[in-house]
Amino acid sequence: MIRNIAVMAHVDTGKTTLTEQMLRHCGAIRAAGSVDAGTAHTDTLAVERRRGISVHAACVPMQWRDTKINMIDTPGHTDFSAEVERSLWALDGAVLLVSAVDGVMPQTENLFRTLHKLHLPTLLFINKTDREGANPSAVLAQARERLSPCIVEYTAEGLMERLAETDENALNDYLEGNIWPMERMLPWAAEATRKGELIPVLSGSALRDCGVEALLDAIVDCLPAPEGSADAPLCGVVFGVENDKVMGRGALTRLYSGRVQNREMIGENKVTQIRALTVEGRPRDAGALQAGEIGWIYGLNTVRAGDVLGDESLLPRRLPRGELCDPLMMVKVLCDPAKKVELRAALEQLSVEDGHFTHEELEGVEHIRVMGMIQLEVLKELLDVRFGLKVEFDKPTVIYRETIAQEAVGFYAYTMPKPCWAVLKILITPLPRGSGVQYESIVPVRDIMERYQHQVEQALPTALRQGMLGWQVDDVKITLMGGEHHLVHTHPLDFIVCTPIALMDGLRRGGSVLLEPMMRLRITAPEGYLGRLVSETAAMGGEVEATEVRGGVLRMVSHAPLANCMNFSQRLAALTSGSGALCMELCGYRDCAFDESKRCPRKSVHPLDVSKYILAARSALEGGIFG
76 MIRNIAVMAH
86 VDTGKTTLTE
96 QMLRHCGAIR
106 AAGSVDAGTA
116 HTDTLAVERR
126 RGISVHAACV
136 PMQWRDTKIN
146 MIDTPGHTDF
156 SAEVERSLWA
166 LDGAVLLVSA
176 VDGVMPQTEN
186 LFRTLHKLHL
196 PTLLFINKTD
206 REGANPSAVL
216 AQARERLSPC
226 IVEYTAEGLM
236 ERLAETDENA
246 LNDYLEGNIW
256 PMERMLPWAA
266 EATRKGELIP
276 VLSGSALRDC
286 GVEALLDAIV
296 DCLPAPEGSA
306 DAPLCGVVFG
316 VENDKVMGRG
326 ALTRLYSGRV
336 QNREMIGENK
346 VTQIRALTVE
356 GRPRDAGALQ
366 AGEIGWIYGL
376 NTVRAGDVLG
386 DESLLPRRLP
396 RGELCDPLMM
406 VKVLCDPAKK
416 VELRAALEQL
426 SVEDGHFTHE
436 ELEGVEHIRV
446 MGMIQLEVLK
456 ELLDVRFGLK
466 VEFDKPTVIY
476 RETIAQEAVG
486 FYAYTMPKPC
496 WAVLKILITP
506 LPRGSGVQYE
516 SIVPVRDIME
526 RYQHQVEQAL
536 PTALRQGMLG
546 WQVDDVKITL
556 MGGEHHLVHT
566 HPLDFIVCTP
576 IALMDGLRRG
586 GSVLLEPMMR
596 LRITAPEGYL
606 GRLVSETAAM
616 GGEVEATEVR
626 GGVLRMVSHA
636 PLANCMNFSQ
646 RLAALTSGSG
656 ALCMELCGYR
666 DCAFDESKRC
676 PRKSVHPLDV
686 SKYILAARSA
696 LEGGIFG
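For the working numbering, add 75 to where a residue sits in the sequence shown, where the first one is 1.
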């Protein structure tokens with residue numbers, strides 16, 4: 076039997092301490108490590124040990140009763156949401172921590188909403204019941220109100236009370252004071268948890284080793300085993316990448332179906348070794364990996380974090396890329412010019428390990444896209460310790476988007492220099508905010524052959540990465556409304572060259588609107604700070620959406636432009652003397668005023684500089700690197 080689970084929490088809730096105690100109880104380690112001492116077994120990176128925070132998700136195995144538990148310890152800080160997102164792809168269930176002192180925090184609500192959206196069965200663990208000010212009963216009531224009414228105490232009486240709502244026999248016995256033993260209710264509890272109709276809640280103290288064994292029992296009894304057959308076609312998701320000094324690139328993979336063995340071909344790569352998960356000791360060659368299991372696959376030299384192996388349609392659930400962690404800030408990386416090649420190689424390696432980490436050279440300078448300021452601090456340390464590179468970061472800038480101001484038609488006839496022939500007429504229509512990009516073709520195949528129309532559709536995502544202002548184009552409908560090919564002169568790649576020019580012609584004619592990201596701020600603080608926080612929100616150009624004061628605690632929801640609240644977490648800490656908590660999430664984009672300081676440098680030749688663009692595009696196509 077297997078359970079693939081994650082332990083998730085708001086930062087500083089005791090998540091890593093809990094995972095250490097679980098490992099110890101299962102006999103996977105001799106003694107629990109400490110976050111503060113830098114000895115936690117799931118914090119393997121030097122930067123994690125020094126800072127006392129989890130940066131990367133770590134997957135460790137343990138055995139409880141007759142069940143193998145593959146446990147993923149995820150970062151708690153929102154700047155590392157990419158790690159959390161990839162972990163969600165590998166899970167069958169989750170344990171969500173809440174502090175008995177602090178209660179349901181903003182990030183807790185975000186994580187719960189995501190788990191609920193993905194229909195991932197969840198257990199709740201109220202931690203730190205030993206701390207001064209702990210109030211588990213109040214936190215339980217708060218969790219039922221803020222998270223779900225399905226949250227039920229994992230006790231015989233708690234389960235019986237919930238079961239009595241739907242089972243007549245249970246109701247009669249409950250009214251007579253006859254509480255059934257846990258063993259009798261476990262099959263119902265497991266099925267209800269799997270369906271999301273029940274969220275069992277336990278409590279204890281990870282630091283004092285209280286309630287840990289009960290939680291392990293609940294994981295085995297209530298969270299589901301993985302589904303999928305080893306005889307089915309291959310389907311797996313890569314949620315971690317490492318570089319082994321001997322074996323090369325390794326892919327931490329959850330298989331949903333099928334089986335992989337040593338020396339087997341996956342695509343164009345040959346599996347050189349499959350390693351089992353370990354906590355301590357030397358890596359062990361497992362020989363094979365099958366449906367439901369998690370392990371390291373070596374030999375996939377081009378694999379990146381977030382890749383799907385095999386048939387993606389067989390994934391039981393999908394989380395759209397970037398839903399949690401679309402980078403919102405861009406930063407120049409300043410380094411010794413003599414180290415430029417080494418810097419590019421280091422950034423490329425980090426992008427392999429984190430599919431949401433991107434870098435690009437703009438105007439001869441490396442730029443990176445990140446989630447927040449803490450991520451920048453960690454990256455600086457990683458580049459120094461791991462790669463020996465001393466870097467500084469320029470002031471972060473917001474990653475804007477753009478759209479078209481009014482409907483317009485773009486046109487280009489690509490007929491020179493020969494041999495070539497591609498004529499395109501594209502209608503670009505603005506859409507409401509949040510609509511994304513839509514595409515439609517109304518051109519008959521007699522005018523543009525189907526395969527050429529397919530080239531247009533394939534070229535559009537790349538062409539839309541930079542509009543007239545240099546930013547990603549969004550909230551538009553692209554309609555291929557006219558054009559022609561030539562039976563003799565049309566080259567197979569002509570429409571790939573032509574598409575960006577026609578598109579940009581339409582964007583130029585329609586005019587551009589700059590879109591700035593808006594952040595929703597979920598703030599928890601003592602009620603005495605209400606007035607100052609309202610003033611701070613107004614100063615950021617934001618608006619308060621809702622406030623609630625209960626038990627001396629203020630909960631405020633507001634929104635503000637990212638450009639004005641990038642450093643708000645530091646200001647909140649200073650304003651509240653460290654007593655405030657914040658969770659920021661993207662809530663959409665709005666129109667904003669444009670000035671030249673907000674223009675994004677172009678990555679390559681502008682398509683409207685037609686001659687230079689065609690020369691560059693044809694050269695790239697001939698070299699097989701275009702797009």
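For glycine and all other residues, C-beta sits at the position ideal for the given N, C-alpha and C.
Check whether residue i and residue j have beta carbons under 8 Å apart
i: leucine 637; j: methionine 594; result: yes
i: tyrosine 58; j: glycine 653; result: Absent from the structure is residue 58, since the part of the chain shown begins at 76 and ends at 702.
i: threonine 612; j: serine 633; result: yes
i: leucine 696; j: proline 592; result: no
i: glutamate 368; j: histidine 100; result: no
i: methionine 137; j: valine 82; result: no
i: glutamate 428; j: phenylalanine 462; result: no
i: glycine 362; j: asparagine 337; result: yes
i: glycine 542; j: glutamate 477; result: yes
i: tryptophan 496; j: histidine 560; result: yes
i: alanine 602; j: glycine 585; result: Per the sequence shown, residue 602 should be read as glutamate rather than alanine. Not closer than 8 Å, so no.
i: leucine 18; j: alanine 648; result: There is simply no residue 18 to check, as the chain begins at 76 and stops at 702 in what is shown.
i: proline 402; j: valine 466; result: no
Where the alpha helix (DSSP H) through residue i begins and ends
i: asparagine 145; result: Where asparagine 145 is concerned, there is no enclosing alpha helix (DSSP H), although the beta strand (DSSP E) it sits in stretches over 142-148.
i: isoleucine 571; result: 569-585
i: glutamate 236; result: 231-238
i: serine 426; result: 415-428
i: phenylalanine 607; result: The sequence shown places arginine at residue 607, not phenylalanine. Residues 605-614.
i: tyrosine 373; result: Not the alpha helix (DSSP H): tyrosine 373 falls in the beta strand (DSSP E), residues 369-373.
For residue i, the first and last residue of its enclosing beta strand (DSSP E)
i: methionine 257; result: Where methionine 257 is concerned, there is no enclosing beta strand (DSSP E), although the alpha helix (DSSP H) it sits in stretches over 257-270.
i: tyrosine 664; result: 656-667
i: methionine 631; result: 628-636
i: glutamine 533; result: Element bounds for glutamine 533: not the beta strand (DSSP E) but the alpha helix (DSSP H), 525-538.
i: leucine 137; result: Here residue 137 turns out to be methionine, not leucine, going by the sequence shown. Segment 133-139, the beta strand (DSSP E) holding methionine 137.
i: valine 170; result: 168-174
i: tyrosine 514; result: 512-516
i: arginine 444; result: 440-445
i: leucine 437; result: 433-437
Bridge partners - residue i, DSSP secondary structure assignment
i: proline 37; result: Absent from the structure is residue 37, since the part of the chain shown begins at 76 and ends at 702.
i: valine 312; result: Arg329, Val383
i: alanine 692; result: Paired residues: none, contrary to the question.
i: arginine 221; result: Answer is none; arginine 221 lacks a bridge partner.
i: cysteine 410; result: Val466
i: glutamine 182; result: Its beta-bridge partners do not exist; DSSP assigns none.
i: threonine 651; result: According to DSSP, which records beta bridges pairwise, threonine 651 is partnered with nothing at all.
i: histidine 191; result: Looking at the DSSP assignment, histidine 191 forms no beta bridge with any residue, so it has no partner.
i: aspartate 360; result: Arg350
i: cysteine 285; result: Ser280
i: arginine 597; result: Val632, Cys658
i: aspartate 319; result: Gly323
i: lysine 500; result: Phe486, Gly557
For residue i, the three-state DSSP class (helix, strand or coil)
i: threonine 204; result: coil
i: alanine 213; result: helix
i: valine 82; result: strand
i: glycine 89; result: coil
i: lysine 552; result: strand
i: asparagine 563; result: Note that residue 563 is valine in the sequence shown, not asparagine. Coil.
i: aspartate 459; result: helix
i: valine 520; result: coil
i: threonine 347; result: coil
i: glutamine 96; result: helix
i: lysine 678; result: coil
i: serine 280; result: strand
i: isoleucine 77; result: strand
i: valine 378; result: coil
i: glutamate 482; result: coil
i: alanine 305; result: coil
i: glutamate 398; result: Reliability fails at glutamate 398, whose pLDDT of 49 lies under 50, so the model's placement of it is uncertain and no value is given.
Inter-stretch contact at 8 Å, needing at least 3 Cβ pairs: the segment 169-182 / the segment 322-330: Counting Cβ pairs under 8 Å, fewer than three are found: no touch.
Segment contact flag, the segment 499-506 with the segment 542-552, C-beta cutoff 8 Å, min 3 pairs: The segment 499-506, when compared against the segment 542-552, does touch it at the 8 Å Cβ threshold.
Three-pair Cβ contact test at 8 Å for the segment 667-681 versus the segment 560-571: Fewer than three Cβ pairs drawn from the segment 667-681 and the segment 560-571 lie within less than 8 Å of each other, which leaves the two stretches out of contact.
The segment 206-215 in contact with the segment 174-182 per 3-pair CB rule at 8 Å: As far as the Cβ criterion goes, the segment 206-215 touches the segment 174-182, which means the pair count is three or higher.
Inter-stretch contact at 8 Å, needing at least 3 Cβ pairs: the segment 403-419 / the segment 363-382: Three or more Cβ pairs closer than 8 Å define a contact, and the segment 403-419 falls short of that threshold against the segment 363-382.
Cβ pair count under 8 Å reaching 3, the segment 217-232 against the segment 259-274: Cβ pair count under 8 Å is three or more, so yes.
Meets three-Cβ-pair contact criterion under 8 Å: the segment 283-301 and the segment 339-353: No: the two stretches stay apart, fewer than three of their Cβ pairs being nearer than 8 Å.
Three-pair Cβ contact test at 8 Å for the segment 511-520 versus the segment 581-592: In short, these stretches do not touch, since the Cβ pair count stays below three.
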